[in-house]
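Quick note: the sequence shown uses UniProt numbering, first residue 1, plus one each step. This report concerns only the one structure given below.
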Amino acid sequence: MCSGQCNPFFGTFVHSTPRAAVEILQNCVLGVDDKGKIAFIEKHQDVVSLSEIWGFETSDIRQLGQYEFLMPGMVDTHIHASQYSYAGTALDLPLLEWLNTYTFPVEAKYKDLDFANDVYTKVVRRTLKNGTTTACYFATIHTDASLLLGELADRFGQRALVGKVCMDYNSYPNVKPVVTPRFAPSCSSSLLSELGEIANNNKLHVQSHISENKEEVELVKTLFPGCKSYTDVYLKHNLLTDRTVMAHGCHLTDEELEIFRETGSAVSHCPNSNISICSGMLNVRNVLNHNVKLGLGTDVAGGYSPSMLDAMRRTLDTSKALTIQDPQHKTLSFEEVFRLATLGGSEALSLDDQIGNFVVGKDFDALRVNVCVPDGPIDLFPGEGPKVRQSSYWSFLPSY
Numbered sequence: 001m002c003s004g005q006c007n008p009f010f011g012t013f014v015h016s017t018p019r020a021a022v023e024i025l026q027n028c029v030l031g032v033d034d035k036g037k038i039a040f041i042e043k044h045q046d047v048v049s050l051s052e053i054w055g056f057e058t059s060d061i062r063q064l065g066q067y068e069f070l071m072p073g074m075v076d077t078h079i080h081a082s083q084y085s086y087a088g089t090a091l092d093l094p095l096l097e098w099l100n101t102y103t104f105p106v107e108a109k110y111k112d113l114d115f116a117n118d119v120y121t122k123v124v125r126r127t128l129k130n131g132t133t134t135a136c137y138f139a140t141i142h143t144d145a146s147l148l149l150g151e152l153a154d155r156f157g158q159r160a161l162v163g164k165v166c167m168d169y170n171s172y173p174n175v176k177p178v179v180t181p182r183f184a185p186s187c188s189s190s191l192l193s194e195l196g197e198i199a200n201n202n203k204l205h206v207q208s209h210i211s212e213n214k215e216e217v218e219l220v221k222t223l224f225p226g227c228k229s230y231t232d233v234y235l236k237h238n239l240l241t242d243r244t245v246m247a248h249g250c251h252l253t254d255e256e257l258e259i260f261r262e263t264g265s266a267v268s269h270c271p272n273s274n275i276s277i278c279s280g281m282l283n284v285r286n287v288l289n290h291n292v293k294l295g296l297g298t299d300v301a302g303g304y305s306p307s308m309l310d311a312m313r314r315t316l317d318t319s320k321a322l323t324i325q326d327p328q329h330k331t332l333s334f335e336e337v338f339r340l341a342t343l344g345g346s347e348a349l350s351l352d353d354q355i356g357n358f359v360v361g362k363d364f365d366a367l368r369v370n371v372c373v374p375d376g377p378i379d380l381f382p383g384e385g386p387k388v389r390q391s392s393y394w395s396f397l398p399s400y
């Protein structure tokens with residue numbers, strides 16, 4: 001039985017499992033206990049029997065409509081909260097020039113907490129409105145502003161990893177610190193070693209960038225001549241662990257991907273940014289074939305949209321572009337992309353024991369989707385089943 005009050009839902013549930021990219025559970029009852037955990041999920045027409053077994057009243061059941069379904073909240077594995085104020089307005093330069101011209105001057109403003117509060121409030125609200133219930137944020141070098149971002153995420157109910165370099169504590173239950181070397185070119189070897197020690201001694205998450213564009217890769221070779229590759233830089237400084245997520249990886253070699261697999265490190269695929277600032281195109285299929293954990297990221301503001309639905313669409317676009325270049329390339333399916341945005345993201349952030357799909361014992365982290373609201377953006381036609389409706393949701397729903 002549910003401990004304390006049990007909140008049951010009846011209807012259609014869409015999620016991913018390790019075996020199925022998309023699993024659609026129809027006519028199911030899902031119960032949430034008073035701690036917000038999934039107590040049970042049963043495919044059963046006889047809700048009266050279920051109510052007796054699990055200790056709830058049939059009148060308590062929240063009935064999903066014919067065109068509604070529940071899906072796991074989406075996970076943004078890489079987003080620069082501090083760059084949200086100029087998203088979509090500065091995409092005319094390659095990465096290194098882009099950072100110096102636009103990013104660093106704006107990030108300097110975060111010493112002003114009023115400025116930080118304005119931007120961080122808006123980015124948390126906006127991502128939540130777009131269905132992002134978990135976000136892995138880059139903040140800035142400013143401690144007070146970084147803590148403020150954590151406070152805001154907690155206040156609005158978003159699970160978050162908040163990265164301020166060397167931050168090793170946080171007091172909010174759903175907000176965790178993440179050790180954040182910006183990227184290898186901006187860090188000395190001694191700093192990287194210290195960060196690796198902090199992360200490992202305190203079992204903290206690590207986030208950074210890797211192999212985003214070719215100029216950056218060449219710069220790393222110059223700065224770290226004793227390392228075999230960009231990946232080797234992080235490996236030698238103990239920054240590749242099963243709690244590490246590295247953004248982009250467009251130009252990782254197969255040998256580097258093997259290191260990611262061996263260490264349990266993850267890649268965050270940021271297709272909007274990769275195209276918008278002309279960095280490259282990640283071959284997601286190759287990453288998955290190497291059994292490397294992979295999630296999706298919006299990478300605001302290199303990516304112009306804070307929406308994970310956009311990240312899903314751009315992921316499929318990139319995969320199709322690779323197929324145009326090489327007909328032997330196996331294009332990703334929308335089912336696979338759905339998994340990357342939900343369960344894949346939770347795996348990339350090592351949170352899959354808590355979120356990512358509807359499994360008993362995990363947190364009830366979910367979106368209630370209605371694809372048939374009046375004057376909505378989706379047109380439905382006779383005979384369409386739940387799978388078509390779910391596809392329509394991420395294909396046609398606008399970003400907010």
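Note that beta-carbon positions come from the ideal geometry of N, C-alpha and C, so glycine has one too.
Only residues of its own chain outside the window of five on either side were considered, and among them Met281 have a CB closer than 7 Å to the CB of Ala321, listed in chain order.
Looking only at Leu316, Gly302, Asp379, Val388, the smallest Cα-Cα distance to Gly88 is reached by Gly302. Look at Arg285 here: in three-state DSSP terms it is helix. Nearest to Tyr67 by C-alpha distance, out of Ser399, Asp375, Val369, Ser276, is Val369. The criterion of a C-beta distance shorter than 8 Å is satisfied by Ser391 and Phe334. DSSP, reduced to helix, strand and coil, places Leu149 within a helical segment of the structure shown.
Around the Cβ of Ala108, a 10 Å sphere holds fewer than 16 other Cβ atoms; the residue is exposed. Under a 10 Å Cβ-count criterion, Tyr400 is classified as exposed, with fewer than 16 other Cβ atoms of the shown protein chains found around its own Cβ. Inclusion of Asp365 and Pro72 in the CB contact set at 8 Å is warranted, their separation being smaller than that value.
The Cβ atoms of Leu148 and Leu113 sit closer than 8 Å to each other. Around the beta carbon of Asp154, 16 or more other beta carbons sit within 10 angstroms, so the residue counts as buried. Secondary structure at Pro18: coil, using DSSP grouped into helix, strand and coil. With fewer than 16 other Cβ atoms inside 10 Å of its own Cβ, Val373 counts as exposed. Contact between Ser229 and His248 fails: their C-beta atoms lie close to 15 Å from each other, not under 8 Å. For Asn202, there is no enclosing beta strand (DSSP E), as DSSP gives it neither H nor E. Contact annotation: Gly55 and Cys6 have beta-carbon atoms nearer than 8 Å. The beta carbon of Cys187 lies closer than 6 Å to those of Pro181 in the same chain, with the five residues before and after it left out. Closest by C-alpha distance to Asp232, out of Asp242, Phe338, Ile210, is Ile210. Under the three-state reduction of DSSP, Gln63 is assigned to strand.
Leu309 is a Cβ neighbour of Trp394, given a cutoff of 8 Å. Within the same chain, Ser229, Thr231 come within 6 Å of Glu256 by CB-CB distance, once the 5 residues on both sides are set aside. Comparing C-alpha distances from Asn272 to each of Gly297, Val292, Asp254 shows the shortest one belongs to Gly297.
Distance between Gln354 and Pro377, taken at the CA atoms: about 32 Å.
Per DSSP, reduced to three states, the secondary structure at Gly11 is strand. For Arg126, the uninterrupted alpha helix (DSSP H) segment begins and ends at 113-129.
DSSP, reduced to helix, strand and coil, places Thr331 outside both helices and strands of the structure shown, so it counts as coil. Around Val206, the same chain offers Val178, Val179, Ala199, Leu239, Thr241, Arg243, Thr244 as residues with beta carbons nearer than 7 Å, after the five sequence neighbours per side are excluded. The beta carbons of Ile277 and Leu95 sit about 6 Å from each other, so the pair counts as a contact at 8 Å.
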